[in-house]
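Below is one structure, written out as structure tokens; comments come after it.
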Amino acid sequence: MTELLLHMIEKHKKVTEEGKVANYIPELSKANPTDLGIYVLDNDGNEFFAGDYDKKFTVQSISKVVSLMLAILDNGEELVFSKVGMDPSGDPFNSIRKLETSSRRKPYNPMINAGAIVVSSMIKGVDVKDKFNRLLDFFKLITEDPTLDLNSRVYLSETETGNKNRSMGYFLKSENIIVGNVEEVLEIYFKQCSIDVTTKTIARLGLFLANEGKLSTGEEIITPRITRIVKTLMVTCGMYDSSGEFAVRVGLPSKSGVGGGIVSVIPHKMGIGVYSPSLDKKGNPIAGISLLEDLCNELKCRIF
Ligand code: GLU
Numbered sequence: 000m001t002e003l004l005l006h007m008i009e010k011h012k013k014v015t016e017e018g019k020v021a022n023y024i025p026e027l028s029k030a031n032p033t034d035l036g037i038y039v040l041d042n043d044g045n046e047f048f049a050g051d052y053d054k055k056f057t058v059q060s061i062s063k064v065v066s067l068m069l070a071i072l073d074n075g076e077e078l079v080f081s082k083v084g085m086d087p088s089g090d091p092f093n094s095i096r097k098l099e100t101s102s103r104r105k106p107y108n109p110m111i112n113a114g115a116i117v118v119s120s121m122i123k124g125v126d127v128k129d130k131f132n133r134l135l136d137f138f139k140l141i142t143e144d145p146t147l148d149l150n151s152r153v154y155l156s157e158t159e160t161g162n163k164n165r166s167m168g169y170f171l172k173s174e175n176i177i178v179g180n181v182e183e184v185l186e187i188y189f190k191q192c193s194i195d196v197t198t199k200t201i202a203r204l205g206l207f208l209a210n211e212g213k214l215s216t217g218e219e220i221i222t223p224r225i226t227r228i229v230k231t232l233m234v235t236c237g238m239y240d241s242s243g244e245f246a247v248r249v250g251l252p253s254k255s256g257v258g259g260g261i262v263s264v265i266p267h268k269m270g271i272g273v274y275s276p277s278l279d280k281k282g283n284p285i286a287g288i289s290l291l292e293d294l295c296n297e298l299k300c301r302i303f
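Be aware that the sequence shown starts at 0, since it is given in numbering that gives the first Met the number 0, and climbs by one per residue.
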């Protein structure tokens, strides 16, 4: 496996030149566009890695998977999905368009920014600090990584430039979908996106989902039903508005982030974390996707 991964990194490294590092959050533009790394964890405790697997990057939209699980634990499935839908939007991740024009009056799904902001507003806690700390602690628990922490530079950069997210937050408040203080909700959302991870952290998140919400000790943290909901939404909405094409090419429940990460789940078997900060036009890691497609051809691990 290690040899296969080394070969894949070498083969797909040149694909990084076809994309661009995100620059709408200024701190993200400092990433090295040619970086490419992968970490694979399996159920027998084996770990395989190659390339820039140990570089730190911010989790960005992959955090939407984590906040969704905690929001369902905190509020129950019914309440969460009364405020956010379960269908692909067909629009870019940061689009505001359908919030006003769609008759459904709620964000299409929890994987686009508008939906994730609603989900963040549902995390329980006595104050904003407590809410974020609960989310961070939950993230540490399920990835079995106590070192996870906020990247303050990225957080400040997001909060200074995140006006589109801010406008969605206030619109959602005006529709009574968000209750409470919008600036506090956005603080949680921007902070959850700004948690530093490595490919190993997100591979662990993938393995946790692969094992239907169980830690490596066998302890169940969330129910198989909640993991099924999350993994289904990852398939249909996890790769923004190219989720359909990704499902054909790669065929694994996955979630990308504009920091360059992708988490992929091979049910009951493996968790995969990829880092590839050079993004395609839809905001997905360009070389990460071609690498995963090739790897799934080799491993014959597609779920479809
Ligand atoms: N923090 C980013 C934003 O809100 C996350 C986007 C992403 O990774 O898709 O724009």
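Don't be surprised by glycine CBs; every beta carbon is placed ideally from N, CA and C.
Just the C-alpha distance for residue i and residue j, rounded to the nearest angstrom, thanks.
i	j	result
Gln59	Leu204	14 Å
Leu171	Phe47	43 Å
Ile141	Ile225	14 Å
Leu185	Arg152	16 Å
Thr200	Asn45	15 Å
Thr197	Tyr274	8 Å
Arg104	Leu3	47 Å
Ser166	Asp53	35 Å
Pro145	Glu244	35 Å
Thr57	Glu219	27 Å
Glu211	Ile221	8 Å
Ala115	Ser253	16 Å
Ile261	Pro91	17 Å
Ser120	Glu77	15 Å
Lys82	Gly256	23 Å
Gly168	Val20	26 Å
Val181	Leu232	25 Å
Asp279	Tyr239	12 Å
Lys12	Thr33	7 Å
Pro276	Ser173	35 Å
Phe137	Leu69	7 Å
Phe189	Lys10	35 Å
Ile271	Met110	19 Å
Val229	Ser66	11 Å
Glu143	Phe80	28 Å
Thr235	Asp86	7 Å
Phe303	Leu251	8 Å
Gly75	Thr160	33 Å
Asn108	Tyr23	23 Å
Val249	Ile176	34 Å
Lys29	Gly259	12 Å
Gly84	Thr158	26 Å
Suppose the cutoff is 8 Å on Cβ atoms and the five residues either side in sequence are ignored; what does the same chain contact list for residue i look like?
i	result
Thr216	none
Ile8	Leu35, Gly36, Ile37, Ala49, Gly50 and Leu290
Asn42	Leu206, Ala209, Asn210, His267, Lys268 and Met269
Shortest alpha-carbon distance to residue i belongs to which of the options?
i	options	result
Pro223	Lys254, Lys280, Phe207 and Ser94	Phe207
Lys310	Asp240, Ala202 and Ser289	Outside the shown range of the chain (0 to 303) lies residue 310, about which nothing can therefore be said.
Thr15	Glu2, Asn31 and Pro25	Asn31
Val247	Asp279, Val262, Asp43 and Cys300	Cys300
Ser193	Val229, Pro266 and Asp148	Asp148
Pro304	Gly89, Glu17 and Met0	The question about residue 304 has no answer here: the residues shown for the chain are numbered 0 through 303.
Gln191	Met238, Asn150 and Ile71	Asn150
Val264	Gly168, Lys12, Lys55 and Val64	Val64
Thr1	Ile24, Leu40, Leu135 and Asn22	Leu40
Lys55	Asp195, Leu251 and Asn22	Asp195
Ser101	Gly287, Asn93 and Ser88	Ser88
Ile71	Glu159, Ile24 and Arg227	Arg227
Lys281	Leu135, Tyr107 and Asn93	Asn93
Leu214	Gly258, Lys139 and Glu159	Lys139
Leu135	Ser62, Tyr107 and Pro106	Ser62
Near residue i, what residues of its chain come up, given a Cβ to Cβ distance below 6 Å and the 5 sequence neighbours on each side ignored?
i	result
Glu26	Arg152, Val153 and Ser156
Val178	none
Asn162	none
Leu5	Ala49
Gly287	Ile261, Val273 and Ser275
Gly237	Met110, Ser253 and Lys254
Skipping 5 residues on each side, what residues in its chain have a beta carbon closer than 7 Å to that of residue i?
i	result
Gly124	Lys130 and Arg133
Val127	Glu183, Glu186 and Ile187
Asp73	Met121, Ile122 and Lys123
Asn112	Phe92, Asn93, Asn164 and Met167
Val117	Lys82, Val83, Pro106, Leu171, Ile176 and Ile177
Lys241	Residue 241 is actually Ser in this sequence, not Lys. Hits under 7 Å: Lys281 and Asn283.
**Prompt:** In chain order, which alpha helix (DSSP H) runs of at least 4 residues are fully inside the stretch 240-291?
**Reply:** 242-248
Mind pulling the alpha helix (DSSP H) runs of 4 or more residues that sit fully within the stretch 121-168? Runs found: 127-142 and 151-160.
Just list the beta strand (DSSP E) runs in the stretch 40-128, keeping only unbroken ones of 3 residues or longer that don't cross its boundaries, in chain order.
46-50
**Message:** Pairs of beta-carbons, one from the stretch 89-101 and one from the stretch 292-301, closer than 8 Å: are there three or more?
**Reply:** no
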